[in-house]
Amino acid sequence: MELVEMDTELVQEFISLFENANNINISTIIQNLGISRSELFDSLVSWSDYFDFSIEDDRVYVKNLSSLIQAKENVLNNSVKNALPIHEIFEGALLYQNVPLYSKETQFLQILEQLIQTPILESSQNNFLNGFYAEGGHILKLGLNHQFLSQLPESISNLQYLTELKLDNLQLKFLPDSLVHLSHLTHLSLTNNLLRSLPKNFGDLTRLSSLLLDDNNLESLPYSLIHCSSLKNLSITRNNINLKESFEILRNLKQDGCLIDQKQAFRWSEVGYEGIICNSGLKQDDFVNTIFHLDSMLSFEELCAQMVLVEKEDKRFVKPDDFDRWDIKERSIVKNMVDPDEDYSWALFYNDIPLVKDEYDIMKYLEELLGLPIPPVSSVEMKFGFIAEEGHVVELGLYYLNLITVPEAIVLLTSLRHLFLGNNRFSSIPYWIGCLTSLEILNFQQNHIFSIPDLFGSLTKLTKLDLSHNRILSLPKSMEKLTNLRYLNIEDNQLNLTKSKEALQKIKHNGCSIDSIKAFRMREIRK
């Protein structure tokens, strides 16, 4: 991919942050760029051919500043050279900012300009945060960002050829019904507005593939949304949606293959499910993620009742049977790890093992989260425990703990080489797992995992990967980058053979042995 094909404004802002520093905290980068943590990691992966960087201790380190400066020059040169199309004047055209457009589309921009009190400039097709991109007299892409606009004109329907619309960080309180007539629209972003609802016939946008509705006041979703058959990415984080009323809509979209980001999307006080969440022992987001993966034939009320029964019978954290009988052999092995003549003034001792302060704090945090101290062991494979070297945790096993989500604090253990997280109840692998770039062995067997993040491909030191006995639907193309992988276990999953075939062929070509018994959907194999 050419660098100019990316969001050049975002690239330039990212580069400018590092012109006076070689490392910056991730939270600072996110705040300055105005993007989410997951969007930052996705961007870093896509820029990896141009930027020489690493991620350590929640900071991004730039190793080669000259590559950034050269990249910036390339962005500026290419954006000037290739950004704007060459327009031809045609009969009946009206000029707007010297761009010939059909009359109805010019009239819409003129109305919009009056509302925001500033002209809308022509932009490149990959950088239209505040501007429009047109070809052949038609506006194909339009973006407004950080403007004061409380109402979108009904004449938005004049833009019949519009494919992408970004209306972020405005003051929009509602959307005109005419929006649903944009039959070519594929990408719609409406983040950080004041929307409480969507048009009733929103499902008429049948070509829509990406819909971003984060940080609004949405109380419900229109039932017609289930007719957006092309929708593959829906983000509704931080809203006030009634879960009961929207449950069937979201479940149908998920079953049709739509990926939904729903953190903090729902309200609880009005629908009366706070008691259920308390009885189930789950956090709100964990409750929602789990309930969508239960029996699809049950009603919402039946699923809630089932959740309470399951959780009452099955405590969230299961204390290993042999935890109190941590045997003498293990203790003697651990004792021999500590040299009595060594100066450990730099360390804090966690279960008799010296650790640097940051990692000691992380282990104490994990202990508090789990309700159990984590014992040092001689091997973490299929066990609960850890191994440390020179003050750093290099191996960690969290087996048979009945965990719902992977503890995010693990991402700060940057020296981890072996990570065993089998026999839990994870429904997904977090995006930040790709930041653990020292990993050589990773085990997620016996969980309920449906998807693998694209950032997985950054684990280039990985030699052994066990994803067996899950519900994984496809493997990301980024796994082709795992050139050191020598063993992959994907037994007993629900893989789409067509979507995963390319990645598997590349992995096998690199010399990797693959166990794939019952890995694929039977109906595809029969075909």
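Residue numbers (this note's numbering): 573 to 1099. Think of the CB as a built atom: it goes at the ideal place given N, C-alpha and C, for glycine as much as any other residue.
Does the distance from the CB of Glu-1016 to the CB of Asp-1038 come in under 8 Å?
Note that residue 1016 is Phe in the sequence shown here, rather than Glu. For Phe-1016 and Asp-1038, yes; Cβs fall inside 8 Å.
Going by the beta-carbon positions, is the gap between Ile-1062 and Leu-984 smaller than 8 Å?
For Ile-1062 and Leu-984, no; Cβs fall outside 8 Å.
How would you call His-1081, buried or exposed, if buried means at least 16 neighbouring beta carbons within 10 angstroms?
Its Cβ having fewer than 16 others within 10 Å, His-1081 is exposed.
Given that a residue counts as buried once 16 or more other Cβ atoms are within 10 Å of its Cβ, and exposed if not, what is Gly-775?
Buried, since its Cβ has 16 or more Cβ neighbours within 10 Å.
Locate the alpha helix (DSSP H) running through Arg-631, then write down its first and last residues.
Here Arg-631 belongs to no alpha helix (DSSP H); instead the beta strand (DSSP E) covers 631-634.
Let me make sure I understand the geometry here. Which of Pro-947, Val-928 and Glu-940 has the alpha-carbon closest to that of Glu-962?
Selected option, being the one with the closest Cα: Val-928.
Per DSSP, what kind of secondary structure is Ser-1088 in: helix, strand or coil?
Here Ser-1088 sits in coil by DSSP.
Quick one: complete beta strand (DSSP E) runs, 3+ long, within the stretch 759-827?
The qualifying runs are 759-761, 782-784 and 805-807.
Quick one: using the 10 Å Cβ neighbour count with 16 as the cut-off for buried, is Tyr-674 buried or exposed?
Label assigned to Tyr-674: buried.
When we look at the beta-carbon of His-990 and count the other beta-carbons within 10 Å, is it buried (16 or more) or exposed?
Result: buried.
Near Ser-807, which residues of its chain fall below 7 Å by C-beta distance, leaving aside the five closest residues on each side in sequence?
Taken in chain order, the residues that qualify are Leu-784, Leu-785, Asp-786 and Asp-833.
Using alpha carbons as the reference points, say which of Trp-1004, Glu-820 and Arg-1043 lies closest to Leu-559.
Nothing can be reported for residue 559, as the shown portion of the chain is limited to 573 through 1099.
Indicate whether Phe-992 and Gly-1006 have their beta-carbon atoms separated by less than 8 Å.
No; because the gap between Cβ atoms is not below 8 Å, this pair is not in contact.
With DSSP run on the structure shown, which of helix, strand or coil describes Lys-1053?
Three-state DSSP puts Lys-1053 in a helix.
Spatial neighbours of Glu-726 within its chain, please: C-beta separation below 6 Å, excluding the five flanking residues on both sides.
So the qualifying residues of the chain are Pro-748 and Ser-750.
Below 8 Å on the Cβ atoms is my contact criterion, and I expect Ser-761 with Asp-740 to pass it. Report the Cβ-Cβ distance as a whole number of Å.
Right, the Cβ-Cβ distance comes to about 6 Å (below 8 Å), so this counts as a contact.
DSSP three-state call for Gln-1143: helix, strand or coil?
Nothing can be reported for residue 1143, as the shown portion of the chain is limited to 573 through 1099.
Can you tell me whether DSSP reads Gly-829 as helix, strand or coil?
Gly-829: coil per DSSP, three-state reduction.
Count the other CB atoms within 10 Å of the CB of His-1041; is the residue buried (16 or more) or exposed (fewer)?
It is buried - the Cβ of His-1041 has at least 16 other Cβ atoms within 10 Å.
Where Gln-682 and Asn-597 are concerned, what is the direct C-alpha to C-alpha distance, given to the nearest angstrom?
So the alpha carbons of these two residues sit roughly 42 Å apart.
In the DSSP assignment, find the unbroken beta strand (DSSP E) run with Ser-601 in it and report its ends.
Contrary to the premise, residue 601 reads as Ile rather than Ser in this sequence. Looking at the DSSP string, Ile-601 is not in any beta strand (DSSP E); the run it does join, the alpha helix (DSSP H), is 598-605.
Tell me whether His-753 sits in a helix, a strand or coil according to DSSP, three-state version.
If DSSP states are grouped into helix, strand and coil, His-753 belongs with the helices.
Just the C-alpha distance for Leu-1104 and Phe-700, rounded to the nearest angstrom, thanks.
The displayed coordinates of the chain run from 573 to 1099. Any statement about residue 1104 would go beyond what the structure contains.
Roughly how far, in whole angstroms, is the beta-carbon of Ser-1085 from the beta-carbon of Arg-1058, given that I think they are within contact range, below 8 Å?
With a Cβ gap of about 7 Å, Ser-1085 and Arg-1058 count as contacting.
Count the other CB atoms within 10 Å of the CB of Leu-938; is the residue buried (16 or more) or exposed (fewer)?
That one is buried.
Closest to Ile-602 by C-alpha separation, out of Phe-586, Ala-593, Ile-711 and Glu-1074, would be which residue?
It is Phe-586 whose Cα lies nearest to the Cα of Ile-602.
In chain order, what residues of the same chain have a beta carbon less than 8 Å from the beta carbon of Leu-612, not counting five sequence neighbours either side?
The answer, listed in chain order, is Ile-598, Ile-601, Ile-602 and Leu-605.
How would you label Tyr-916, buried or exposed, when you count the other beta carbons within 10 angstroms and need 16 or more for buried?
With fewer than 16 other Cβ atoms within 10 Å, it is exposed.
Alpha carbons only, please: which of Leu-942, Ser-951 and Ala-981 is nearest the one belonging to Asp-930?
For the residues Leu-942, Ser-951 and Ala-981, the minimum Cα distance to Asp-930 belongs to Ala-981.
In the structure shown, what three-state DSSP assignment does Gly-847 receive?
Any reading at Gly-847 must be qualified, since the residue scores a pLDDT of 44, below 50, and its modelled position is unreliable; no value is offered.
Can you tell me which of Glu-1074, Thr-1070, Gly-1083 and Lys-1078 puts its alpha carbon nearest to the alpha carbon of Phe-1092?
The shortest C-alpha separation from Phe-1092 is found at Thr-1070.
Report the start-end ranges of each beta strand (DSSP E) in the stretch 961-997 that is 3 residues or longer and not cut off at the edges.
If we require 3 residues or more, the beta strand (DSSP E) runs fully inside the stretch 961-997 come out as 964-970 and 990-992.
Check Phe-1016 in the structure and name its three-state DSSP category.
Coil.
What number of angstroms, rounded off, separates the C-alpha of Asn-1068 from the C-alpha of Leu-1054?
Taking the straight line from one Cα to the other gives about 20 Å.
Sort Glu-707, Glu-791 and Gln-827 by Cα distance to Lys-816 and report the nearest one.
It is Glu-791.
I need the boundaries of the alpha helix (DSSP H) containing Tyr-932, first residue and last residue.
Segment 929-942, the alpha helix (DSSP H) holding Tyr-932.
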